[in-house]
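Position 261 (the sequence shown) corresponds to 261 in our numbering; numbering is contiguous.
Each residue gets a CB set at the ideal place from its N, CA and C atoms; glycine is no exception.
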Amino acid sequence: MSLAPSVRDVTPPNAVPQPEFDARLAVGLLGVLLAAMTAGLIGRVPGLVLADLQGAMGVGRDEGSWLTTAYSAGELAAMPFATWFATTFSLRRFHLAMLACALAISTVIPFVEDLSLLLGLRLVQGMVAGALIPILMMSALRFLPASIKLYGLALFALTATFSPNVALWLAALCVDRLDDWRWVYWHVVPPGLFAGILVAWGIPKSPLILSRLPQGNWLGMLLGLPGLALLVVGVDQGVRLEWFHSPLISASLLVGGAFTTLYLVSEWLHPAPFVSLKLLARRNLWLGFIVFVFMLMTLSTGVTLPANVLSSLQGFRMEQSAPLGLIVGLPQLILGPLVAFLLYQRWVDARHVFATGLACISAACWIASDITDEWMVHQFLPVEVLHAVGQPMAIISLLFLATSVVQPAEGAFVAGLVNILRVFSATLSSAFIGEMTAQRSQFHSELLLDHAALQVARLPTADGLTSTLATVVTQQASVLATADIYRIFGTVAMLLIPLVLCLQRIPAPQTASSPTAPEFPQRSNAEMTRS
Numbered sequence: 001m002s003l004a005p006s007v008r009d010v011t012p013p014n015a016v017p018q019p020e021f022d023a024r025l026a027v028g029l030l031g032v033l034l035a036a037m038t039a040g041l042i043g044r045v046p047g048l049v050l051a052d053l054q055g056a057m058g059v060g061r062d063e064g065s066w067l068t069t070a071y072s073a074g075e076l077a078a079m080p081f082a083t084w085f086a087t088t089f090s091l092r093r094f095h096l097a098m099l100a101c102a103l104a105i106s107t108v109i110p111f112v113e114d115l116s117l118l119l120g121l122r123l124v125q126g127m128v129a130g131a132l133i134p135i136l137m138m139s140a141l142r143f144l145p146a147s148i149k150l151y152g153l154a155l156f157a158l159t160a161t162f163s164p165n166v167a168l169w170l171a172a173l174c175v176d177r178l179d180d181w182r183w184v185y186w187h188v189v190p191p192g193l194f195a196g197i198l199v200a201w202g203i204p205k206s207p208l209i210l211s212r213l214p215q216g217n218w219l220g221m222l223l224g225l226p227g228l229a230l231l232v233v234g235v236d237q238g239v240r241l242e243w244f245h246s247p248l249i250s251a252s253l254l255v256g257g258a259f260t261t262l263y264l265v266s267e268w269l270h271p272a273p274f275v276s277l278k279l280l281a282r283r284n285l286w287l288g289f290i291v292f293v294f295m296l297m298t299l300s301t302g303v304t305l306p307a308n309v310l311s312s313l314q315g316f317r318m319e320q321s322a323p324l325g326l327i328v329g330l331p332q333l334i335l336g337p338l339v340a341f342l343l344y345q346r347w348v349d350a351r352h353v354f355a356t357g358l359a360c361i362s363a364a365c366w367i368a369s370d371i372t373d374e375w376m377v378h379q380f381l382p383v384e385v386l387h388a389v390g391q392p393m394a395i396i397s398l399l400f401l402a403t404s405v406v407q408p409a410e411g412a413f414v415a416g417l418v419n420i421l422r423v424f425s426a427t428l429s430s431a432f433i434g435e436m437t438a439q440r441s442q443f444h445s446e447l448l449l450d451h452a453a454l455q456v457a458r459l460p461t462a463d464g465l466t467s468t469l470a471t472v473v474t475q476q477a478s479v480l481a482t483a484d485i486y487r488i489f490g491t492v493a494m495l496l497i498p499l500v501l502c503l504q505r506i507p508a509p510q511t512a513s514s515p516t517a518p519e520f521p522q523r524s525n526a527e528m529t530r531s
């Protein structure tokens with residue numbers, strides 16, 4: 001039996017016919033890409049300059065940390081539902097509405113003084129901006145012919161390899177060069193408006209399909225929205241509030257986990273789900289997504305972790321560490337299409353390209369594990385180069401291997417799943433690094449203090465010796481903790497390689513122009529179950 005029955009089970013009813021790909025549609029897709037990258041910057045840049053924003057807005061450190069949490073919670077909550085609404089209300093109409101809301105909120109936020117209102121606006125902005133990113137992948141899978149579909153996936157990969165990395169430079173530009181913290185929010189307005197113009201002109205108009213509304217899994221949505229948001233609250237604030245020592249974190253994780261579980265059950269049972277979990281029966285999806293989560297967590301070692309290390313050890317401002325982000329981010333504009341071109345070659349196995357990318361990331365982590373308190377930007381250059389090469393090889397290969405086992409009509413479901421994992425893995429990575437930094441710093445600090453106490457006892461008493469020793473121990477403990485984190489992620493990246501080689505091999509798609517998706521081996525339901 002072929003996959004056809006399972007495809008019909010998850011194909012959205014009243015599906016919109018595929019338009020012919022032409023120059024006008026290409027311009028529209030460029031607008032969708034620019035909007036998705038803008039959405040990434042809306043969330044990323046304010047988080048990088050949180051300390052500056054807290055001072056400018058007159059909020060404390062603890063209260064200010066909720067600004068990032070509120071945005072991330074809204075972003076994840078919107079991910080499963082965005083593509084369904086884009087299909088129902090038409091991709092063009094829904095996309096422009098979400099983009100307009102996101103830009104409007106960015107415009108007014110600098111004038112808001114009430115913290116509760118500010119948090120509410122960031123929550124809503126996370127939802128509307130978060131809806132833009134799944135639409136990019138949905139559009140690439142829906143509109144692009146097989147001969148260039150991989151280049152579309154390379155563009156989607158820029159939301160993970162380009163935007164988050166150049167955000168460091170943009171944050172430094174807004175705060176240090178423009179010398180006005182309000183540009184942290186306003187800088188996205190010009191590219192966002194330009195993206196809206198491109199989308200309005202290039203994306204074809206489609207009719208409303210309001211007949212889908214009664215078919216929606218509304219109970220699941222009522223469970224999923226708060227469930228996913230509460231999980232983000234629990235994970236993102238867990239380190240600061242000491243996890244289960246805080247009733248808020250305990251309640252968030254417990255209630256969020258329960259609601260999310262019920263949501264997933266309802267999606268599994270519902271005849272017209274927002275996200276079809278039954279697609280995970282395919283090996284390249286369930287196994288690929290496991291690899292995807294851990295791989296995205298390792299990407300934080302490319303720019304975010306080095307920038308934080310240079311800030312804490314050397315007192316660097318973002319302007320001084322911004323070259324790290326540019327070294328990784330800018331080459332993606334060239335390396336992404338090159339990786340896509342490579343995957344079109346029939347002699348290339350995408351799994352081997354994927355494994356090579358992971359090996360580069362792992363090597364970068366092991367090189368960085370030799371960090372000392374004397375490291376500057378120059379010492380991180382080999383690490384950044386390996387990340388710049390490895391990230392597109394890994395991400396684009398994974399997207400190819402995963403999307404090649406779905407039909408075009410299933411693209412909306414896959415886009416939702418991919419972006420849920422993308423956002424949640426970023427939150428997990430931040431929490432993991434924060435927790436490991438605290439735990440390993442304490443561990444190394446105790447060892448160093450024990451060793452230092454034995455040496456100090458043999459020395460004559462000197463003024464300031466104790467305070468100097470405490471400063472040195474704290475610094476060295478931080479360095480050793482950072483090295484441990486790099487070793488952990490380097491090991492994780494290497495352990496993912498055998499899993500990648502277990503994925504189903506997908507031959508290169510046909511390069512001849514065709515409106516159909518790349519063909520892939522059809523397997524029976526029994527074969528999918530065994531895999």
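Asked	Found
Under 8 Å, do Ala412 and Thr87 count as touching if we go by C-beta distance?	yes
With H, G and I counted as helix, E and B as strand and the rest as coil, what does DSSP make of Lys205?	coil
Cβ-heavy atom distance between Thr83 and the ligand MG below 7 Å?	Looking for the ligand MG in the displayed structure turns up nothing, as the structure carries no ligands at all.
Please classify Pro521: does DSSP put it in a helix, a strand, or coil?	Because Pro521 sits at a pLDDT of 43, beneath the cut-off of 50, its placement in the model cannot be relied upon, and the following sentence gives the value as read from the coordinates. Pro521 falls in the coil class under three-state DSSP.
Give every residue of the same chain whose Cβ lies closer than 7 Å to the Cβ of Leu264, excluding the five residues on either side of it in the sequence, and list them in chain order.	Leu277
By how many angstroms is the C-alpha of Thr474 removed from the C-alpha of Gln314?	13 Å
Going by the beta-carbon positions, is the gap between Leu285 and Ala307 smaller than 8 Å?	no
Quick check: what's the CA-CA separation for Leu170 versus Ile42?	11 Å
At 4 residues or longer, what runs of the alpha helix (DSSP H) sit wholly inside the segment 288–376?	304–314, 318–329, 332–343, 350–368
Exposed or buried, which one is Pro214 when buried takes at least 16 other CB atoms within 10 Å?	exposed
With DSSP collapsed to three states, give me the class of Ala131.	coil
If you draw a straight line from the alpha carbon of Ala77 to that of Ser404, how long is it in whole angstroms?	27 Å
Taking three-plus beta-carbon pairs below 8 Å as touching, is the segment 35–54 in contact with the segment 125–135?	yes
Check this for me: beta carbons of Leu34 and Phe143, under 8 Å apart or not?	no
My output table needs one value for Ala4: the three-state DSSP class, helix, strand or coil.	Because the pLDDT of Ala4 is 38, which lies under 50, any placement of that residue in the model is unreliable, and the number read from its coordinates should be weighed accordingly. In the structure shown, Ala4 sits in a helix (DSSP, three-state: H, G or I).
When we look at the beta-carbon of Asp373 and count the other beta-carbons within 10 Å, is it buried (16 or more) or exposed?	exposed
Which residue from Gln332, Pro164, Leu417 puts its Cα closest to that of Leu386?	Gln332
Is the number of C-beta pairs between the segment 179–195 and the segment 357–374 that are closer than 8 Å three or more?	no
So Asn217 and Pro273 are supposed to be a Cβ contact under 8 Å. How far apart are they, rounded?	6 Å
Under a three-way DSSP split, which group does Trp181 fall into?	coil
Does the beta-carbon distance from Ala73 to Val233 come in below 8 Å?	yes
Enumerate in chain order the residues of its own chain whose CB-to-CB distance from Phe85 is below 7 Å, with the five nearest sequence positions on each side excluded.	Phe94
On the criterion of 16 or more Cβ atoms from any shown chain inside 10 Å, does Asn525 qualify as buried, or is it exposed?	Residue placement at Asn525 cannot be trusted, given a pLDDT of 41 that sits under 50; the coordinates are not used to answer.
Do Ser321 and Val377 have their CB atoms nearer than 8 Å?	yes
Excluding five sequence neighbours on each side, which residues of the same chain lie with their C-beta closer than 6 Å to the C-beta of Val406?	Val414
Give the range of the alpha helix (DSSP H) segment to which Asn165 is assigned.	163–172
Do you know how far the Cα of Cys174 is from the Cα of Asp180?	7 Å
Where do the N-terminal and C-terminal ends of the alpha helix (DSSP H) with Arg24 fall, by residue?	23–48
For Ser300, which residues of its own chain have a beta-carbon under 6 Å away from its beta-carbon, when the five flanking residues on both sides are left out?	Ser429
Can you tell me whether Gln345 is buried or exposed? The criterion is at least 16 other CB atoms within 10 Å of its CB, across all chains shown.	exposed
Kindly indicate which residue of Ala23, Ala363, Asn165 has the alpha-carbon position closest to the one of Val492.	Ala363
Please state whether DSSP places Met79 in a helix, a strand or coil.	coil
What do you reckon, are the CB atoms on Phe294 and Leu496 nearer than 8 Å?	yes
Distance check for Thr471 and Ala340, CA to CA, integer angstroms please.	49 Å
Can you tell me which of Arg282, Ile395, Ala431 puts its alpha carbon nearest to the alpha carbon of Leu231?	Ala431
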